[in-house]
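A.B. asks:
There are 2 protein chains.
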Amino acid sequence: MRNIRMTISYEGTAYYGFQTQPKGNTVQDVLEEAIRVLSGEEVSITASGRTDAGVHARAQAINFRTASPIPVERWALALNSRLPDDIIVLQADEVPLDFHASYHAKRKTYRYGIDTSKFGDVFERKHRLHIPLPLRLEEMRRAIAHLKGTHDFTSFASTRSTKSSHVRTILDARIESGEGKLDIFLTGDGFLYNMVRIIVGTLLWVGEGKLTAEDVKRILKARKRAEAGPTAMAHGLTLWEVQYDD
Amino acid sequence: MRNIRMTISYEGTAYYGFQTQPKGNTVQDVLEEAIRVLSGEEVSITASGRTDAGVHARAQAINFRTASPIPVERWALALNSRLPDDIIVLQADEVPLDFHASYHAKRKTYRYGIDTSKFGDVFERKHRLHIPLPLRLEEMRRAIAHLKGTHDFTSFASTRSTKSSHVRTILDARIESGEGKLDIFLTGDGFLYNMVRIIVGTLLWVGEGKLTAEDVKRILKARKRAEAGPTAMAHGLTLWEVQYDD
Chain C
8 MRNIRMTISY
18 EGTAYYGFQT
28 QPKGNTVQDV
38 LEEAIRVLSG
48 EEVSITASGR
58 TDAGVHARAQ
68 AINFRTASPI
78 PVERWALALN
88 SRLPDDIIVL
98 QADEVPLDFH
108 ASYHAKRKTY
118 RYGIDTSKFG
128 DVFERKHRLH
138 IPLPLRLEEM
148 RRAIAHLKGT
158 HDFTSFASTR
168 STKSSHVRTI
178 LDARIESGEG
188 KLDIFLTGDG
198 FLYNMVRIIV
208 GTLLWVGEGK
218 LTAEDVKRIL
228 KARKRAEAGP
238 TAMAHGLTLW
248 EVQYDD
Chain X
8 MRNIRMTISY
18 EGTAYYGFQT
28 QPKGNTVQDV
38 LEEAIRVLSG
48 EEVSITASGR
58 TDAGVHARAQ
68 AINFRTASPI
78 PVERWALALN
88 SRLPDDIIVL
98 QADEVPLDFH
108 ASYHAKRKTY
118 RYGIDTSKFG
128 DVFERKHRLH
138 IPLPLRLEEM
148 RRAIAHLKGT
158 HDFTSFASTR
168 STKSSHVRTI
178 LDARIESGEG
188 KLDIFLTGDG
198 FLYNMVRIIV
208 GTLLWVGEGK
218 LTAEDVKRIL
228 KARKRAEAGP
238 TAMAHGLTLW
248 EVQYDD
């Protein structure tokens, strides 16, 4: 038995999220089926974390155990030839048997993409939220700075969160701006359910003048979901990177 | 009667090209139908040039005559609310009655996008040709330089070209490279049928070592389509910009 870790990339548009669920049509279902066809095995994939319906991944990390004799360097090409074109295996490597893609993830980075052009960029419409309004970028940058560090993020977690602690550490938070585009990058030791999307929805209210950067500081301290802004739409969110200690 | 010019952007993946044809489902059909629903008029759109099935446009130029009283500054928003999300009107302005989007186009720029990463970027798969091979970039740059200027481009035109002259001027030709990506930009006073795609197919043979830059000079002089490389796939091609004198 071996433990294989893969880095995978997917456009989430067509899927009901990463994790297997009764309605079917998830990234996990499609990957497990491709592995079954390739190796004849019914494997169970563990991801660094689930992604919601419509959310994308530039580099999601998964692992699974296999008794297949297929050499690890052959897995990526062999699976890619069996996967639909919106899911790609970028890399595969063998890891110790106790490696777990979720428990051992040390840092995760998400990107939330915003298209600020007047009518939207047709080529980015599935990967960026279109907000054709002037946004107060400097105020948004002051706001996001308040979120860095270790805090209780209850205000920025879905009320459906089942975690016993809402304390998380945001290691890096920045906004990059280009012509007609804004990219919000958040790196942390872990994120609560809907946390990135609620942070973005709140930052957009700051950008639109409905909140100030000081308000975001206050919202964080309030530890009440109702104080924060709305949950930004799924399609702007991309799981950018997952880092491990090895 | 007024003459309206529009800049439009589309992802060509779902269409049988720009121009109306018997099979239907073209960008022109969809635009003319949206205009009919908006204004009640049966207009006939003229584009700067047709684009083939699967080819995209970042900024295509079109014009049409209308008796509609709708103010020109309202057309873009009004049409965008009626168009499918893979076609966007970026701008509309009124032009003299004798303006013709094709005859009066002075310069056109195309981009051909190539993805050189090992397994391809899932988010660019519909807009870039995936060539997971090392390409000889410097030799490709030497080759493309031979195409600048005024030449008879018969070697790089489809044998189905119906133009009486194959002399065209390439004003600018360059290759930009980024991580896992190559962008080939060609600007000219006009392009023959399949010309950009045949140039790209030939440049890729140079990149792969099947031809040298000197061979491209020879192919150009031969004025025989059979001497050049293959026609590169449609989905990597994007009509980037159309320029007029005004």
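Protein chains in written order, with the numbering used here: chain C, 8 to 253; chain X, 8 to 253. Beta carbons: idealized from backbone N, C-alpha and C, even for Gly. Computed from a predicted structure; not experimentally measured.
#1: For N32 of chain C, collect the residues of the same chain with a Cβ closer than 7 Å to its Cβ; drop the 5 residues on either side in sequence, then sort them by chain order.
#2: Near L218 of chain X, what residues of its chain come up, given a Cβ to Cβ distance below 6 Å and the 5 sequence neighbours on each side ignored?
#3: To the nearest angstrom, report how far apart D105 of chain C and H242 of chain C are at their CA atoms.
#4: Using a 10 Å radius around the Cβ and a threshold of 16 neighbouring Cβ atoms, would you call A74 of chain C buried or exposed?
#5: Tell me whether G185 of chain X sits in a helix, a strand or coil according to DSSP, three-state version.
#6: Can you tell me where the alpha helix (DSSP H) holding A85 of chain C begins and where it ends?
#7: For the stretch 104-130 of chain C, enumerate the residues whose C-beta is nearer than 8 Å to any C-beta of chain X, in chain order.
#8: Out of X:G236, X:Q67, X:L193, which one is the CA nearest neighbour of L178 of chain X?
#9: With distances taken between CB atoms, is the gap from L97 of chain C to S16 of chain C smaller than 8 Å?
#10: Which of the three DSSP states is assigned to V62 of chain X in this structure?
#11: Taking buried to mean at least 16 other C-beta atoms within 10 Å of its own C-beta, is S171 of chain X buried or exposed?
#12: I want to verify the contact list: residues of chain C whose CB lies under 8 Å from the CB of D92 of chain X, in sequence order.
#13: Counting only beta-carbon separations shorter than 8 Å, does A83 of chain C have a partner in chain B?
#14: By the 8 Å beta-carbon criterion, what residues does the stretch 16-28 of chain C contribute toward chain X?
#15: So what's L142 of chain C in DSSP terms, helix, strand or just coil?
#16: Would N32 of chain X count as contacting chain C if we go by Cβ distances under 8 Å?
#17: Could you work out which residues of chain C lie near R213 of chain X, taking near to mean beta carbons separated by less than 9 Å?
#18: Distance cutoff 8 Å, beta carbons only. Does N10 of chain C sit that close to anything in chain X?
#19: At 9 Å on the CB atoms, spell out the chain C contacts of V264 of chain X, in chain order.
#20: Ignore the nearest five residues each way along the sequence and tell me which others in G236 of chain C's own chain have a CB closer than 6 Å to its CB.
#21: In its own chain, which residues sit with a C-beta less than 7 Å from the C-beta of R89 of chain C, not counting the 5 before and 5 after it?
#22: Is any heavy atom in the ligand PLP found nearer than 7 Å to the beta carbon of H111 of chain C?
#23: Buried or exposed for V249 of chain X, please, with buried defined as at least 16 other CB atoms from any protein chain shown within 10 angstroms of its CB.
#24: Report yes or no: is there a C-beta of chain C within less than 8 Å of the C-beta of I70 of chain X?
#25: For the candidate residues C:R148, C:V79, C:F163, whose alpha-carbon lies nearest to that of I226 of chain C?
#26: Run through DSSP, which three-state label would E39 of chain X get?
#27: Is L218 of chain C helix, strand or coil by DSSP?
#28: Could you tell me which residues DSSP pairs with Y119 of chain X in its beta bridges?
#29: Among the candidates X:G47, X:K188, X:R175, whose CA atom is the shortest distance from the CA of R118 of chain X?
#30: Where does the unbroken beta strand (DSSP E) through Q98 of chain X begin, and where does it stop?
#31: Which of helix, strand or coil does DSSP assign to A164 of chain C?
#32: When you compare each of X:R81, X:V34, X:A54 to G61 of chain X by their alpha carbons, which one comes out closest?
#33: What do you reckon, are the CB atoms on R57 of chain X and M8 of chain X nearer than 8 Å?
#34: Reducing DSSP to helix, strand and coil, say where S16 of chain X ends up.
#35: Determine the chain X residues that contact N87 of chain C at a beta-carbon separation under 8 Å, and present them in chain order.
#36: If you draw a straight line from the C-alpha of T27 of chain X to the C-alpha of H63 of chain X, how long is it?
C.D. replies: Reading from the atomic positions:
#1: Taking the first residue of the first sequence as 1, we reach residue 32 of chain C at position 25. Here the set comprises Y22, Y23.
#2: Within the second sequence, residue 218 of chain X is the residue found at index 211, counting from 1. W212.
#3: Numbered from its first residue, the first sequence carries residue 105 of chain C at position 98. Numbered from its first residue, the first sequence carries residue 242 of chain C at position 235. Approximately 34 Å, taken between the alpha carbons.
#4: Counting from 1 along the first sequence, the entry for residue 74 of chain C is found at position 67. With fewer than 16 Cβ atoms within 10 Å of its Cβ, A74 of chain C is classed as exposed.
#5: By one-based count along the second sequence, residue 185 of chain X stands at place 178. Looking at G185 of chain X - three-state DSSP - the assignment turns out to be strand.
#6: Walking along the first sequence from the start, residue 85 of chain C turns up at place 78. Counting along the chain, the alpha helix (DSSP H) containing A85 of chain C begins and ends at 79-87.
#7: K125, F126, G127, D128, V129, F130
#8: Taking the second sequence and counting its residues from 1, the one referred to as residue 178 of chain X is at position 171. When X:G236, X:Q67, X:L193 are compared, the shortest CA-CA separation from L178 of chain X is found for X:L193.
#9: Here residue 97 of chain C corresponds to residue number 90 of the first sequence, with the count starting at 1. Here residue 16 of chain C corresponds to residue number 9 of the first sequence, with the count starting at 1. The answer is yes: Cβ separation under 8 Å.
#10: Numbered from 1 along the second sequence, position 55 holds the residue referred to as residue 62 of chain X. Correct three-state label for V62 of chain X: coil.
#11: On the second sequence, position 164 is the one that residue 171 of chain X refers to. With fewer than 16 Cβ atoms within 10 Å of its Cβ, S171 of chain X is classed as exposed.
#12: Translated into the one-based positions of the second sequence, residue 92 of chain X becomes position 85. In chain order: V129, R132.
#13: The question asks about chain B, but that chain is absent: this structure's protein chains are C and X.
#14: Per Cβ criterion, the list reads S16, Y17, E18.
#15: The sequence position of residue 142 of chain C within the first sequence is 135, counting from 1. Coil at L142 of chain C, not helix or strand.
#16: As a working note, residue 32 of chain X is residue 25 in the second sequence. No, no contact with chain C.
#17: In the second sequence, residue 213 of chain X corresponds to position 206, counting from 1. For the sequence presented, residue 213 of chain X should be read as Val rather than Arg. In chain order: nothing, as chain C lies at least about 26 Å away.
#18: As a working mapping, residue 10 of chain C is identified with position 3 in the first sequence. Judged by the 8 Å Cβ criterion, N10 of chain C is not in contact with chain X.
#19: Only positions 8 to 253 of chain X appear in the structure, and residue 264 of chain X is not among them; the question remains open.
#20: In the first sequence, counting from the first residue as 1, residue 236 of chain C sits at position 229. The residues are G208, T209, W212.
#21: As a first step, residue 89 of chain C is located in the first sequence; it is residue number 82 there, counting from the start. Only A41, V44, L45 meet the Cβ criterion.
#22: Looking for the ligand PLP in the displayed structure turns up nothing, as the structure carries no ligands at all.
#23: As a first step, residue 249 of chain X must be located in the second sequence, where it is residue number 242. By the 10 Å Cβ count, V249 of chain X comes out buried.
#24: Here residue 70 of chain X refers to the residue found at position 63 when the second sequence is read from its first residue. Residue identity differs from the one stated: residue 70 of chain X is Asn in this sequence, not Ile. No, because no Cβ of chain C sits closer than 8 Å to the Cβ of N70 of chain X.
#25: Position 219 of the first sequence, counted from the first residue, corresponds to residue 226 of chain C. The shortest Cα separation from I226 of chain C among C:R148, C:V79, C:F163 belongs to C:F163.
#26: In the second sequence, counting from the first residue as 1, residue 39 of chain X sits at position 32. In the structure shown, E39 of chain X sits in a helix (DSSP, three-state: H, G or I).
#27: For this step, residue 218 of chain C is matched to residue 211 along the first sequence. Coil at L218 of chain C, not helix or strand.
#28: In the second sequence, residue 119 of chain X corresponds to position 112, counting from 1. Looking at the DSSP assignment, Y119 of chain X forms a beta bridge with X:I191, X:L244.
#29: Taking the first residue of the second sequence as position 1, residue 118 of chain X is located at position 111. The candidate whose alpha carbon is nearest that of R118 of chain X is X:K188.
#30: For the purposes of this step, residue 98 of chain X is identified with residue 91 of the second sequence, where counting begins at 1. Unbroken beta strand (DSSP E) run through Q98 of chain X: 94-102.
#31: The count along the first sequence starts at 1 and reaches residue 164 of chain C at position 157. Reduced to three states, the DSSP call for A164 of chain C is coil.
#32: Here residue 61 of chain X refers to the residue found at position 54 when the second sequence is read from its first residue. For G61 of chain X, the nearest C-alpha among the options comes from X:V34.
#33: By 1-based counting over the second sequence, the position of residue 57 of chain X is 50. By 1-based counting over the second sequence, the position of residue 8 of chain X is 1. Contact flag unset, no.
#34: Your numbering for residue 16 of chain X matches position 9 in the second sequence. Correct three-state label for S16 of chain X: strand.
#35: Taking the first residue of the first sequence as position 1, residue 87 of chain C is located at position 80. Against chain X, a Cβ distance below 8 Å from N87 of chain C picks out F126.
#36: For the purposes of this step, residue 27 of chain X is taken as residue 20 along the second sequence, with counting starting at 1. For the purposes of this step, residue 63 of chain X is taken as residue 56 along the second sequence, with counting starting at 1. Going from the Cα of T27 of chain X to the Cα of H63 of chain X covers about 16 Å.
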